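In order, the protein sequences belong to chains A and B. Following the working numbering, the numbering of the first sequence begins with 1 at its first residue and continues without gaps. Following the working numbering, the numbering of the second sequence begins with 293 at its first residue and continues without gaps. Where a beta carbon is used, it is the ideal one built from N, C-alpha and C, also for glycine. Only a predicted model underlies this, so the values are computations on that prediction, with no experimental measurement involved.
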Amino acid sequence: MAAVLETQDLTYVYSPGSPFARTAVDHVNIAIEEGEFVGVIGHTGSGKSTLIQQLNGLLRPTSGKILLHGKDIWAEPKKIRAVRFQVGMVFQYPEYQLFEETVLKDIAFGPKNKGLSDEEAMEKAKEAAEFTGLKPSLWEKSPFELSGGEKRRVAIAGVIAMDPDVLVLDEPAAGLDPKGRDVLLAQIGSYHQHRKNTVLLVSHSMEDIARTADRVLVMNQGKAAMFDTTPNVFARSAELETMGLRVPQVTAIMTRLQAMGCPVPSGVLTLEQAIKELLPLVRKKEADENAQ
Amino acid sequence: MEFIKADNVRFAYEPAEGELPREVLHGVSLEIKKGEFVALLGHNGCGKSTMAKLFNGMLLPTEGKVTVDGMDTADEETIYEVRRRVGLVQQNPDNQLVASIVEEDVAFGPENLGIEPKEIRRRVDEALKAVDMYEYRENAPYKLSGGQKQRVAIAGIIAMEPDCIVLDEPTAMLDPRGRDEVMETIHKLNREKGITIILITHYMDEAVQAGRVIVMDEGNILTQGTPREVFSQVELLKQHHLDVPQATELAYRLRSYGCGIPDGILNEEECVGALFALIGKE
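Next comes the structure, spelled out in structure tokens:
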């Protein structure tokens with residue numbers, strides 16, 4: 001598979017050359033494959049936000065490169081705007097960025113900026129609205145009349161409507177309740193499956209990452225501390241803990257059982273997996289006891 | 293002895309022009325005792341944040357009555373005393389810090405109460421120590437992490453020497469370490485200073501640490517009790533789209549397959565213990 005996005009010795013220093021110089025991203029080398037779903041975790045200040053802001057050219061690296069489809073995005077700085085359409089970014093609390101008169105107009109703003117005609121932009125907007133589960137009855141309403149969860153979906157639809165090759169979401173479910181979070185994550189998942197494009201999801205919720213990501217990038221002190229498949233990353237709970245991170249509760253339970261000598265595998269990520277592993281063991285024990 | 297009492301409280305927000313008022317609380321009655329640690333759960337729009345604002349008179353009931361230590365929150369004579377006694381910490385720490393130096397921010401509340409400077413100094417130092425932020429007293433708030441900011445916001449409330457702190461999703465915007473810091477801080481305040489805590493949260497692992505859990509749904513109380521009593525009603529909570537801790541759900545689902553695992557498991561510890569007893573070693 002080809003890497004859609006690659007970083008080479010990517011480094012970002014805030015206030016370089018001053019006494020306040022601080023290296024936020026430190027020689028990061030990662031390659032994200034086409035069509036992958038990558039989870040990004042790391043505690044506050046670990047450098048994950050600085051990293052993702054460089055991926056679409058919002059911040060220019062101090063040194064090192066970002067390759068999009070193999071091309072250095074800063075080779076021609078005047079064309080950086082095109083990169084922002086290819087790597088779509090949904091920031092935290094994106095609902096504060098809504099501004100248009102109607103939901104559809106707000107969603108169509110990005111595609112229009114990209115150079116599509118009004119009609120094409122509206123088509124894209126409708127498609128994106130459907131993807132994020134916004135009912136047609138809401139389309140002509142003012143975005144400010146909507147609930148918090150609906151506003152969030154409008155903002156995400158606005159980025160999806162630009163048809164980015166890579167969609168980056170920074171804490172998309174923050175502040176939503178469990179139901180709102182489940183619905184939103186399911187929609188992002190189905191968008192990913194349908195469009196087969198690359199998704200980067202930044203989250204503090206290890207449960208959400210465990211459920212959705214193929215691979216997980218762990219940022220710590222500006223470095224890419226781990227970049228591996230989700231089960232492999234969550235099998236290293238002790239290391240994650242030293243970085244201020246955690247594994248999902250169900251993963252922790254299974255890891256502890258394994259350490260106590262129970263024949264269960266490590267890297268169990270979801271309740272469904274845990275039940276699948278545990279049920280046969282319980283049944284076997286019951287059968288053994290009945291046989292005695 | 294009850295400290296806060298809500299008696300058949302109804303509440304409707306001021307409707308937009310041409311719209312009918314929409315009632316968000318339909319006659320809620322509850323009592324919070326002095327020194328209790330209560331978690332208030334429910335999904336967005338269930339009325340729990342409205343409830344929080346009623347506890348210190350930021351909102352007043354449309355019908356019914358809320359009293360704090362016997363004082364009616366609708367009584368203008370005592371409203372400032374009510375707000376001093378019941379402090380409110382909100383979700384976003386960036387919206388709550390006002391000064392450019394940590395200790396000045398914490399001093400803002402007591403200064404407004406007209407307390408003399410010496411006493412303010414004492415309270416600020418004590419409040420910052422209580423939340424483990426004393427070393428940062430001369431820092432700029434914007435340079436702190438989310439968990440640290442939230443602890444400064446809590447210190448600002450403590451400096452008013454309240455009897456009760458209401459926290460509205462104080463950890464929603466924090467990373468796991470920040471969440472731990474804030475949770476440890478409020479448990480310590482409850483344990484060591486006897487401050488009554490009302491914690492509004494979406495995180496079930498935070499709710500299981502409370503003395504009592506109240507679950508709200510559609511403007512009513514759905515169920516309440518000890519964490520064990522509440523979280524053993526997995527079916528009811530699921531019906532209302534609420535989560536239960538993964539440990540509780542794992543045990544519950546194994547039970548539904550007929551496994552002999554006890555009811556009402558709340559945390560990792562208990563779940564590991566019960567499972568080990570069930571399957572044992574290889």
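Tell me the DSSP secondary structure of asparagine 232 (chain A) in three-state form.
In the first sequence, residue 232 (chain A) corresponds to position 232, counting from 1. Correct three-state label for asparagine 232 (chain A): helix.
Alanine 128 (chain A) to glycine 70 (chain A) span [Cα, whole Å]
As a first step, residue 128 (chain A) is located in the first sequence; it is residue number 128 there, counting from the start. As a first step, residue 70 (chain A) is located in the first sequence; it is residue number 70 there, counting from the start. Distance between the alpha carbons of alanine 128 (chain A) and glycine 70 (chain A) is about 28 angstroms.
Beta carbon of threonine 230 (chain A), beta carbon of valine 216 (chain A): below 7 angstroms?
Here residue 230 (chain A) is taken as the residue at index 230 of the first sequence, counted from 1. Here residue 216 (chain A) is taken as the residue at index 216 of the first sequence, counted from 1. Contact flag set, yes.
Could you work out which residues of chain B lie near proline 178 (chain A), taking near to mean beta carbons separated by less than 8 angstroms?
For the purposes of this step, residue 178 (chain A) is identified with residue 178 of the first sequence, where counting begins at 1. Simply His335, His494, His533, Leu534, Asp535.
Note down, in chain order, every chain A residue with its Cβ under 9 angstroms from the Cβ of threonine 438 (chain B).
As a working mapping, residue 438 (chain B) is identified with position 146 in the second sequence. As written in the sequence, residue 438 (chain B) is glycine, which differs from the threonine given in the question. Near glycine 438 (chain B) (Cβ distances below 9 angstroms), the residues of chain A are Thr44.
Out of curiosity, what's the CA-to-CA distance linking alanine 259 (chain A) and phenylalanine 568 (chain B)?
The residue you call residue 259 (chain A) lines up with position 259 of the first sequence. The residue you call residue 568 (chain B) lines up with position 276 of the second sequence. Their backbone Cα atoms lie some 11 angstroms apart in a straight line.
Span separating the alpha-carbon of threonine 102 (chain A) from that of glutamate 396 (chain B)
To locate residue 102 (chain A), count along the first sequence from 1; it is residue 102. To locate residue 396 (chain B), count along the second sequence from 1; it is residue 104. Using only the alpha carbons, I get a separation of about 43 angstroms.
What does the Cβ neighbour count give for threonine 242 (chain A), buried or exposed, with the cut at 16 atoms within 10 Å?
Within the first sequence, residue 242 (chain A) is the residue found at index 242, counting from 1. The residue in question, threonine 242 (chain A), is exposed, as its Cβ has fewer than 16 Cβ neighbours within 10 Å.
From what residue to what residue does the alpha helix (DSSP H) around glycine 470 (chain B) run?
What you label residue 470 (chain B) is simply residue 178 of the second sequence in a count that begins at 1. 468 to 484 is the span of the alpha helix (DSSP H), which, as asked, contains glycine 470 (chain B).
Could you tell me whether the segment 252 to 266 of chain A touches the segment 45 to 54 of chain A, using the rule of 3 or more Cβ pairs below 8 angstroms?
no
When A:Ala3, A:Glu76, A:Glu130, A:Val13 are compared against alanine 222 (chain A), the one with the closest alpha-carbon:
As a first step, residue 222 (chain A) is located in the first sequence; it is residue number 222 there, counting from the start. Per the sequence shown, the amino acid found at residue 222 (chain A) is glycine instead of alanine. Selected option, being the one with the closest Cα: A:Val13.
Between valine 250 (chain A) and chain B, is any beta-carbon pair separated by less than 7 angstroms?
Indexing the first sequence from 1 puts residue 250 (chain A) at position 250. At least one chain B Cβ lies under 7 angstroms of valine 250 (chain A).
Would a check of beta-carbon distances place lysine 485 (chain B) closer than 7 angstroms to chain A?
The count along the second sequence starts at 1 and reaches residue 485 (chain B) at position 193. No, because no Cβ of chain A sits closer than 7 angstroms to the Cβ of lysine 485 (chain B).
Which one or two residues does DSSP pair with serine 63 (chain A) in a beta bridge?
As a working mapping, residue 63 (chain A) is identified with position 63 in the first sequence. A:Thr11.
Should glycine 110 (chain A) be flagged as near chain B, meaning a C-beta pair shorter than 7 angstroms?
Residue mapping note: residue 110 (chain A) aligns to position 110 of the first sequence, counting from 1. Judged by the 7 angstroms Cβ criterion, glycine 110 (chain A) is not in contact with chain B.
Could you name each continuous beta strand (DSSP E) segment of 3 residues or more that falls completely within the segment 471 to 550 of chain B, going from the start of the chain to the end?
488 to 492, 504 to 509, 512 to 517
In chain A, which residues lie less than 8 angstroms from alanine 464 (chain B) when you measure between Cβ atoms?
Here the question's residue 464 (chain B) lines up with position 172 in the second sequence. The contacting residues are Ala174, Gly175.
Residues that DSSP places opposite glutamate 309 (chain B) in a beta bridge
One-based indexing of the second sequence puts residue 309 (chain B) at position 17. Answer by DSSP bridge pairing: none, since glutamate 309 (chain B) is not bridged.
On the CB-based measure, 16 or more other CB atoms within 10 Å of its CB, does leucine 333 (chain B) come out buried or exposed?
Against the second sequence, residue 333 (chain B) aligns to sequence position 41. Counting Cβ neighbours within 10 Å, leucine 333 (chain B) comes out buried, since at least 16 surround it.
Against chain B: residues of the segment 256 to 272 of chain A by CB proximity under 7 angstroms:
Arg256, Leu257, Met260, Gly261, Cys262, Pro263, Leu271
Cα-Cα separation between glycine 503 (chain B) and alanine 108 (chain A), rounded to whole angstroms
Here residue 503 (chain B) is taken as the residue at index 211 of the second sequence, counted from 1. Here residue 108 (chain A) is taken as the residue at index 108 of the first sequence, counted from 1. Taking the straight line joining both Cα atoms gives about 49 angstroms.
If we count the other Cβ atoms within 10 Å of its Cβ and call it buried at 16 or more, is tyrosine 544 (chain B) buried or exposed?
Position 252 of the second sequence, counting from 1, holds the residue named residue 544 (chain B). By the 10 Å Cβ count, tyrosine 544 (chain B) comes out buried.
Taking only beta-carbon positions, decide if isoleucine 571 (chain B) is within less than 7 angstroms of chain A.
Within the second sequence, the letter at position 279 stands for residue 571 (chain B). So yes, isoleucine 571 (chain B) belongs to the interface.
Would isoleucine 107 (chain A) count as contacting chain B if we go by Cβ distances under 7 angstroms?
Reading the first sequence from its first residue, position 107 is the one you call residue 107 (chain A). Judged by the 7 angstroms Cβ criterion, isoleucine 107 (chain A) is not in contact with chain B.
Chain-order list of residues whose beta-carbon lies under 8 angstroms from that of leucine 269 (chain A) (same chain, five-residue window excluded)
Here residue 269 (chain A) is taken as the residue at index 269 of the first sequence, counted from 1. For leucine 269 (chain A), where only same-chain residues beyond five positions count, the Cβ hits under 8 angstroms are Ala210, Arg211, Thr230, Pro231, Phe234, Pro248, Val250, Thr251.
Counting C-beta neighbours from all protein chains within 10 Å, is the total for glycine 115 (chain A) 16 or more, i.e. buried, or is it exposed?
On the first sequence, position 115 is the one that residue 115 (chain A) refers to. It counts as exposed.
Opening and closing residue of the alpha helix (DSSP H) in which aspartate 170 (chain A) lies:
Sequence index remark: in the first sequence, residue 170 (chain A) carries index 170 (1-based). First-last for aspartate 170 (chain A): 166 to 170, but that is the beta strand (DSSP E), not the alpha helix (DSSP H).
CB contact check: leucine 567 (chain B) to chain A, cutoff 7 angstroms:
Taking the second sequence and counting its residues from 1, one reaches residue 567 (chain B) at position 275. Yes, leucine 567 (chain B) counts as interfacial toward chain A.
Taking the C-alpha atoms as reference points, what is the distance between proline 307 (chain B) and proline 313 (chain B)?
Counting from one through the second sequence, the residue named residue 307 (chain B) turns up at place 15. Counting from one through the second sequence, the residue named residue 313 (chain B) turns up at place 21. One C-alpha to the other measures close to 5 angstroms.
Have a look at leucine 55 (chain A) and isoleucine 66 (chain A) and give me their C-alpha separation to the nearest angstrom.
Residue numbering aside, residue 55 (chain A) sits at position 55 when the first sequence is read from its first letter. Residue numbering aside, residue 66 (chain A) sits at position 66 when the first sequence is read from its first letter. The straight-line gap from Cα to Cα measures roughly 7 angstroms.
Same chain only: Cβ atoms within 7 angstroms of glutamine 525 (chain B), ignoring 5 sequence neighbours per side:
Translated into the one-based positions of the second sequence, residue 525 (chain B) becomes position 233. Around glutamine 525 (chain B): Thr515.
What do you get for alanine 339 (chain A), buried or exposed, if any count of 16 or more other CB atoms within 10 angstroms of its CB means buried?
Residue 339 (chain A) is absent from the model: chain A starts at 1 and stops at 292.
How big is the Cα-Cα spacing for isoleucine 478 (chain B) and valine 381 (chain B)?
Position 186 of the second sequence, counted from the first residue, corresponds to residue 478 (chain B). Position 89 of the second sequence, counted from the first residue, corresponds to residue 381 (chain B). Using only the alpha carbons, I get a separation of about 11 angstroms.
Per DSSP, the bridge partner or partners of asparagine 29 (chain A):
Translated into the one-based positions of the first sequence, residue 29 (chain A) becomes position 29. None, per the DSSP bridge assignment.
Can you name the start and end residues of the alpha helix (DSSP H) that leucine 240 (chain A) belongs to?
In the first sequence, the residue the question calls residue 240 (chain A) occupies position 240. Where leucine 240 (chain A) is concerned, the enclosing alpha helix (DSSP H) stretches over 237 to 242.
Contacting residues, own chain, Cβ-Cβ under 6 angstroms from leucine 351 (chain B) (five flanking each side not counted):
Taking the second sequence and counting its residues from 1, the one referred to as residue 351 (chain B) is at position 59. Taken in chain order, the residues that qualify are Lys345.
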